[in-house]
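Following: one structure in structure tokens, then a few remarks.
There are 2 protein chains.
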Amino acid sequence: MADINDVARRAGVSTATVSRALRGLDRVAEATRLRVLEAADELGYTISPAASRLAGGKSRTIAVVVPFVTRWFFGQVIAGAEATLREAGYDMLLYNLGDAEGRNRLFSGNRLRDRVDAALVLSLPLEGSEVAALQALNVPVSVVGSFPSAFSGVRIDDVEASRTAVQHLIHLGHEKIGLISGVPVDEGIPFTSQVDRRIGYSSAMANGGLDVLPDLEAIGHFTLNGGAQAMTRLLSGRIVPSAVFVESDEMAFGALLALRRAGMRAGEDMSVVGFDGHEMAELMDLTTMVQPVRQQGVVAAQHLLAALENSTTEPQHTTLATELILRGSTAPNGRRQ
Amino acid sequence: MADINDVARRAGVSTATVSRALRGLDRVAEATRLRVLEAADELGYTISPAASRLAGGKSRTIAVVVPFVTRWFFGQVIAGAEATLREAGYDMLLYNLGDAEGRNRLFSGNRLRDRVDAALVLSLPLEGSEVAALQALNVPVSVVGSFPSAFSGVRIDDVEASRTAVQHLIHLGHEKIGLISGVPVDEGIPFTSQVDRRIGYSSAMANGGLDVLPDLEAIGHFTLNGGAQAMTRLLSGRIVPSAVFVESDEMAFGALLALRRAGMRAGEDMSVVGFDGHEMAELMDLTTMVQPVRQQGVVAAQHLLAALENSTTEPQHTTLATELILRGSTAPNGRRQ
DNA sequence: CTGAAAGCGCTTACAG
DNA sequence: CTGAAAGCGCTTACAG
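If you're matching them up, the sequences are chains A and B in order.
For the first sequence, this note's numbering begins at 1 and goes up steadily by one.
For the second sequence, this note's numbering begins at 338 and goes up steadily by one.
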């Protein structure tokens with residue numbers, strides 16, 4: 001494997017010049033740069049990442065931290081971030097947290113130190129010590145899903161979006177409106193988005209003069225089966241809603257299928273609004289609050305790249321627009337009950 | 338940030354000893370090791386990956402190469418591999434190929450050289466030059482989805498599994514059995530699994546004395562919408578099948594919904610068998626050939642870890658079992674037509 | 001079982 | 001615009 005000395009020799013310059021030329025720094029004569037590039041090309045030379053990093057250069061690697069790789073939302077965001085970073089020549093180190101232990105291992109163990117030029121954190125509500133750990137990395141950090149003041153961030157307005165979704169149900173004449181939420185409040189730290197979606201729901205209900213009853217809420221754990229179980233529970237509760245706002249499309253799909261199993265038809269017998277704009281929503285004929293998912297990964301990555309290139313210190317915050325897409329799963333109240 | 342010299346000083350030994358003690362090599366007195374570990378712990382010391390790698394050590398990083406992060410199958414495999422690798426203390430560098438260009442960039446550009454201790458390649462049929470590029474890395478390689486002779490591999494028996502799925506339809510009395518396949522043969526290199534699934538289909542048809550007609554096949558591109566369109570095409574073809582074997586569950590979901598739109602009922606009017614064992618299959622009441630997906634990632638990672646720890650050269654090949662799960666989407670022929 | 005020293009392949013002031 | 005040289009923080013023979 002050719003090293004920088006081979007290139008220097010072939011181009012008839014010093015290794016210092018090779019280093020500068022290859023990284024596009026100025027203060028290199030154009031003719032010299034060309035000669036170096038040619039020599040490097042002929043030798044099939046690539047910079048050794050480890051040596052470069054050690055000598056004070058960059059690793060051209062960015063950490064992406066996700067709570068769950070297997071969830072649709074995260075897969076989309078990762079894809080968006082990955083494409084953007086790859087385009088810019090960065091590699092991506094993926095850390096899947098999973099449980100509290102994995103989370104602790106990553107943040108408290110300096111696992112990222114000296115490994116990455118920047119970090120992208122997805123939808124994790126960060127504890128104070130975790131924010132501190134990320135800051136100690138001393139690299140740009142961008143967060144998807146919330147706006148910690150120390151870092152850049154990308155998100156949607158979950159409160160407003162949820163309020164809009166629930167208002168749609170209210171406008172259709174529904175009064176007993178249920179909520180299928182993600183995680184129990186006491187079970188781990190809820191995602192910011194989850195907290196906000198519940199606030200949006202409550203706010204819309206209050207504005208509409210409607211009661212938020214405990215019986216109208218069920219937990220769906222952000223999974224398909226969880227959503228199905230939550231709907232089943234709502235159907236057998238003391239107060240059965242005529243419409244339900246579901247905090248994610250995956251849970252909504254489960255809810256839809258639970259309805260079908262119960263012999264009920266979405267829209268006809270029960271209105272359902274989802275959240276996300278999952279690719280299956282159209283086929284499932286689900287009314288849903290569409291958020292730009294892949295785009296959030298793209299923008300978060302762009303924040304990082306901007307900080308890396310201009311060594312900007314100023315965190316950037318971007319809020320992306322959402323849109324309620326109406327489909328057959330929502331209809332005016334009154335057909336039943 | 339404390340470095341190895343700080344630890345050496347604090348423990349009262351040389352850096353060579355610190356290095357050995359920390360990596361668990363033998364030839365270090367137990368008492369010394371304890372002293373070193375304690376010093377490292379007190380200082381919050383972590384080995385610099387770049388320095389370690391450069392000095393001839395390992396990077397404790399493994400490359401995972403996937404064609405598409407966003408597809409359910411790959412997300413599951415990644416999750417399985419990630420958990421296994423993380424458990425063993427390895428980091429994961431994720432490369433999402435996407436298109437031919439991205440693929441070329443990774444393989445021909447030595448992108449992986451000197452970066453990783455091993456590589457895990459998912460479901461990519463490798464060209465000769467790509468196999469050569471991976472071999473040139475000189476690290477263990479494990480492949481999911483096929484058995485290139487040079488590397489370790491994990492897979493299922495796609496031919497046999499597909500044959501079984503189609504035989505099920507034949508046993509139900511179906512004679513015109515359609516196929517919804519992934520990618521057109523002339524469009525890029527098809528996955529090994531796709532080729533094999535078609536072979537299994539043809540083989541079962543031949544064994545059953547049934548004709549494989551071009552009109553009975555439609556392309557679904559391995560996507561939801563593609564599957565829906567493929568089913569729609571089959572329904573409006575000259576020869577309409579009474580049952581269809583679909584090469585992936587995601588396409589099968591699309592097919593199911595296309596059926597519903599056409600006013601037909603799965604099982605009743607048209608039998609559908611999927612492939613994968615997607616988490617939504619149960620809720621969609623889809624008969625499907627279940628393969629252990631996450632487990633393939635786990636096993637492929639284990640092959641790598643075994644090679645890394647024992648410096649085994651011998652590639653290992655594992656074939657995992659599949660199982661046909663019967664549900665409402667398949668029923669005896671004869672209800673219609 | 002332990003240490004002194006060379007070396008891994010770069011980058012970066014510092015000079016010129 | 002270019003080069004000589006130090007140094008990044010480890011690991012690894014080689015000695016003892």
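No residue lacks a Cβ here, since even glycine has one placed at the ideal position from N, Cα and C.
Review point. Measuring CB to CB, does A/Ser-123 end up less than 7 Å from A/Phe-222?
Key: no
Practice item. Indicate whether B/Ala-760 and B/Val-503 have their beta-carbon atoms separated by less than 7 Å. Key: Residue coverage of chain B in this structure runs from 338 to 674, which leaves residue 760 of chain B outside it and unanswerable.
Check your understanding: When burial is assigned at 16 or more other CB atoms within 10 Å of the CB, is A/Ser-236 buried or exposed?
Key -> exposed
Exercise for review: Could you work out which residues of chain A lie near B/Ser-466, taking near to mean beta carbons separated by less than 7 Å?
Suggested key: Those within 7 Å of B/Ser-466 in chain A number zero; the least Cβ separation is about 14 Å.
Exercise for review: Starting from B/Thr-369, follow the alpha helix (DSSP H) in both directions and report where the run begins and ends.
Suggested key: 367 to 380
Exercise for review: Grab me the residues of A/Ser-108's own chain with a C-beta within less than 6 Å of its C-beta, minus the 5 sequence neighbours each way, in chain order.
Suggested key: none
Check your understanding: Applying the criterion that 16 or more other CB atoms from any shown protein chain within 10 Å of the CB defines a buried residue, is A/Val-16 buried or exposed?
Key -> It should be noted that the sequence gives Ala, not Val, for residue 16 of chain A. Looking at its Cβ environment, which holds fewer than 16 other Cβ atoms inside 10 Å, A/Ala-16 is exposed.
Point to revise | Chain-ordered chain B contacts of A/Phe-253 [CB-CB under 8 Å] | key: Met-617, Leu-620
**Study point:** Other residues of its chain near A/Pro-49: CB distance less than 8 Å, five sequence neighbours each side excluded
**Key:** Ser-59, Arg-60, Thr-61
Review point. Is B/Asp-451 close to chain A, meaning its C-beta is less than 7 Å from at least one C-beta of that chain?
Key: yes
Point to revise | Contact list for the region 425 to 440 of chain B against chain A, Cβ threshold 9 Å | key: Asp-428, Met-429, Leu-430, Leu-431, Tyr-432, Asn-433, Gly-435, Gly-439
Check your understanding: Is the distance from the Cβ of B/Val-635 to the Cβ of B/Thr-421 below 7 Å?
Key -> yes
Check your understanding: By a C-beta neighbour count over all protein chains shown, 10 Å radius and 16 as the cutoff for buried, is A/Asn-333 buried or exposed?
Key -> buried
Check your understanding: Grouping DSSP H, G and I as helix and E and B as strand, with all else coil, what is A/Phe-151?
Key -> coil
**Study point:** Neighbour flag for A/Gly-75 against chain B, beta carbons, 7 Å
**Key:** yes
Exercise for review: Write down every uninterrupted run of the beta strand (DSSP E) in the region 448 to 484 of chain B whose length is 3 residues or greater and which is fully enclosed by it, in chain order.
Suggested key: 455 to 459, 478 to 481
Review point. Whose C-alpha, out of B/Ala-543, B/Tyr-427, B/Gln-633, is nearest the C-alpha of B/Val-458?
Key: B/Gln-633
**Study point:** Any 3 or more C-beta pairs closer than 8 Å across the region 608 to 615 of chain B and the region 582 to 591 of chain B
**Key:** yes
Practice item. Scan the region 52 to 92 of chain A and note each continuous alpha helix (DSSP H) run of 4 residues or more that stays entirely inside, going in chain order. Key: 72 to 87
Exercise for review: Give the residues of chain A in contact with B/Leu-391, contact being defined as C-beta atoms less than 8 Å apart.
Suggested key: Ser-48, Ala-50, Ala-51, Leu-54
Review point. Which term fits B/Gly-349, buried or exposed, when burial requires 16 or more other beta carbons within 10 angstroms of its beta carbon?
Key: exposed
Review point. Would a C-beta distance cut-off of 7 Å place A/Leu-283 and B/Leu-620 closer than the cut-off?
Key: no
Review point. Can you find a C-beta in chain A that's less than 7 Å from the C-beta of B/Val-365?
Key: no
Check your understanding: Rounded to whole angstroms, how far is the Cβ of B/Val-496 from the Cβ of B/Gly-537, which I believe are closer than 8 Å?
Key -> 4 Å
Practice item. Pull up the DSSP beta-bridge partners for B/Val-610, would you. Key: B/Phe-582, B/Thr-624
Review point. Mind checking if A/Thr-84 is an interface residue toward chain B, Cβ cutoff 7 Å exclusive?
Key: no
Exercise for review: Would you grab the beta carbon distance between B/Ala-637 and B/Val-403 for me? Rounded to a whole angstrom, and I think it's under 8 Å.
Suggested key: At roughly 12 Å, the Cβ-Cβ gap does not stay under 8 Å, so B/Ala-637 and B/Val-403 are not in contact.
**Study point:** Min CB distance B/Thr-407 to chain A below 7 Å
**Key:** yes
Check your understanding: Going along chain B, which residues have a C-beta under 7 Å from A/Leu-257?
Key -> Leu-620
Check your understanding: Under 8 Å Cβ-Cβ, which residues of chain A neighbour B/Asn-447?
Key -> Gly-44, Thr-46
Practice item. Kindly identify the DSSP beta-bridge partner or partners of B/Leu-641. Key: None; B/Leu-641 has no bridge partner.
Practice item. Could you check how far apart the C-beta atoms of A/Gly-182 and A/Gly-220 are, in whole angstroms? I think they sit under 8 Å. Key: 6 Å
**Study point:** A/Ile-219, enclosing alpha helix (DSSP H) - first and last residue
**Key:** Segment 217 to 219 is the beta strand (DSSP E) holding A/Ile-219; no alpha helix (DSSP H) there.
Point to revise | DSSP-derived helix/strand/coil call for B/His-654 | key: strand
**Study point:** Contacts of B/Ile-415 in chain A (Cβ-Cβ under 7 Å)
**Key:** Val-69
Check your understanding: Which chain B residues are close to A/Ala-39, counting only those with a beta carbon under 9 Å from its beta carbon?
Key -> Per Cβ cutoff of 9 Å: no residues; A/Ala-39 is ~16 Å from chain B at best.
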